[in-house]
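First the structure, in the form of structure tokens, and then the observations on it.
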Amino acid sequence: MSNYVAAPLVLDGWFVLHQFFRIDRFSPGLDDSARALTDLLARWEELGEGGWSGLYRIVGGETDVMLMHFRPTLEALGEVEREVQRSPAAAALVPTGDYLSVVELGMYGATAALLREAEEAGVTPDSAEWDAMTAAYLEAERGKRYVDERLHPRQPDDMPYVCFYPMDKRRAPDQNWYTLTLPERAALMVDHGSTGRQYAGRISQIISGSVGFDDWEWAVTLFAVDPLDFKALVTEMRYDNVSSVYAEFGSFRVGHRIATEDAEEELLG
47 MSNYVAAPLV LDGWFVLHQF FRIDRFSPGL DDSARALTDL LARWEELGEG GWSGLYRIVG
107 GETDVMLMHF RPTLEALGEV EREVQRSPAA AALVPTGDYL SVVELGMYGA TAALLREAEE
167 AGVTPDSAEW DAMTAAYLEA ERGKRYVDER LHPRQPDDMP YVCFYPMDKR RAPDQNWYTL
227 TLPERAALMV DHGSTGRQYA GRISQIISGS VGFDDWEWAV TLFAVDPLDF KALVTEMRYD
287 NVSSVYAEFG SFRVGHRIAT EDAEEELLG
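Okay, so the sequence shown: first residue is 47 according to my numbering, each after it adds one.
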């Protein structure tokens, strides 16, 4: 069982929708759009356990702003999308893309450890005993405060800069992440995580899973004190085997948070 090929245990948190827009500054309804967007954000910026939404100016590319929404259910996220579409704000917001995912906490190391424990006890991964072991572990983990904070993330007050990108794990014949054993993948992810921990206090990371939800397998949202830390972290991580051998990356979008009280001015330019 030490060579067992399996998906790691995962805890899922809030659903998240990243929406990207170009601002039509020549829209005849620009003033109404700006006020409407401010009103929406004022209602959505802090919903407690119901999530939150935020506005970000994106620098470069075909996108002017990003709306990021966290909600507890897919239905709630769909209502947010519909409200934006029906709001006067939509008159000046021209969609350039979106991304649907769910915040996830992948547990490679814990899964590998549980597999070893199960092997010693004579428990196989296709048994009711294994299901009971993993269910108990996940329930205990979900009750921990730091796990809850990772599954239901907030915008760090001292990290106004944002970086978003989607990514896949390679499935090439000689570079197939999904044919590695779980212990092999766990070792690579531990090494990868140690690089990220060097940026604690400078970068906060949200990993959201999108297998079956969107075109890529994961989305990464980073918050930073200094935007140059995005460049430093991503560069350093490219040298980890998990990235250099097994990762593919989509387009990067970088910008900074716009406070709700400044949203109207942001649209009006």
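The beta-carbon is built from N, C-alpha and C at its ideal position, and this holds for glycine as well.
- Query: Around the C-beta of T306, are 16 or more other C-beta atoms found within 10 angstroms, so that it is buried, or is it exposed?
  - Reply: buried
- Task: Using only alpha-carbon positions, find the residue among G315, R243, R200 that is nearest to G97.
- Result: Shortest Cα-Cα distance from G97 to any of G315, R243, R200 involves R200.
- Between the Cα of A218 and those of D308, E294, G242, D144, spot the shortest distance and give me the residue it belongs to. Nearest to A218 by alpha-carbon distance, out of D308, E294, G242, D144, is E294.
- DSSP three-state assignment for Y245, whether helix, strand or coil: coil
- Query: Span of the alpha helix (DSSP H) holding Q277?
  - Reply: The residue asked about is misnamed: residue 277 is Lys in this sequence, not Gln. Taken as a continuous stretch (DSSP letters only), the alpha helix (DSSP H) holding K277 covers 274-283.
- Report the three-state DSSP secondary structure of R68 (helix, strand or coil). strand
- Query: With 16 other CB atoms within 10 Å as the buried threshold, where does V105 fall?
  - Reply: exposed
- How about the segment 79-91 and the segment 159-177: do they share at least three Cβ pairs that are nearer than 8 Å? no
- Message: By the three-class DSSP mapping on this structure, what secondary structure does A309 have?
- Response: helix
- Message: When you compare the segment 127-137 with the segment 72-86, are there three or more beta-carbon pairs, one atom per stretch, that lie closer than 8 Å?
- Response: yes
- Just how far apart, CA to CA, sit M213 and E230? 20 Å
- What did DSSP end up calling M47 once you bin it into helix, strand or coil? Caution applies to M47, whose pLDDT of 49 falls short of 50 and renders its modelled position unreliable; the model cannot decide the point.
- Length at least 3, wholly inside the segment 180-231: the beta strand (DSSP E) runs in chain order: The DSSP assignment places complete beta strand (DSSP E) segments of no fewer than 3 residues inside the segment 180-231 at 207-215, in order along the chain.
- Contact the segment 274-286 vs the segment 239-258: 3+ CB pairs below 8 Å: The answer is yes - the segment 239-258 touches the segment 274-286, with three or more Cβ pairs under 8 Å.
- Taking the alpha-carbon positions, what's the M47 to V280 distance? Unreliable positioning characterises M47 in this predicted model, as indicated by a pLDDT of 49, which lies under 50. A coordinate reading is not provided.
- Query: Does the Cβ of V110 have 16 or more other Cβ atoms within 10 Å, making it buried, or fewer, making it exposed?
  - Reply: For clarity, residue 110 is Asp in the given sequence; the question names Val instead. D110 comes out buried.
- Just how far apart, CA to CA, sit E311 and A232? 47 Å
- Message: Whole angstroms are fine: how far does the CA of C209 sit from the CA of G301?
- Response: 7 Å
- Name the one or two DSSP bridge partners that A293 has. K215
- Task: Measure the C-alpha to C-alpha separation of F116 and Y207 and round it to an integer number of angstroms.
- Result: 18 Å
- Might you give, ordered along the chain, the residues of its own chain that have their beta carbon closer than 6 Å to the beta carbon of K215, omitting 5 neighbours on each side? W223, Y292
- Task: With distances taken Cα to Cα, identify the nearest neighbour of T142 among G155, Q65, A186.
- Result: Between T142 and the set G155, Q65, A186, the nearest pair of CA atoms involves Q65.
- Query: How would you write the range of the alpha helix (DSSP H) that V126 sits in, first residue to last?
  - Reply: 120-132
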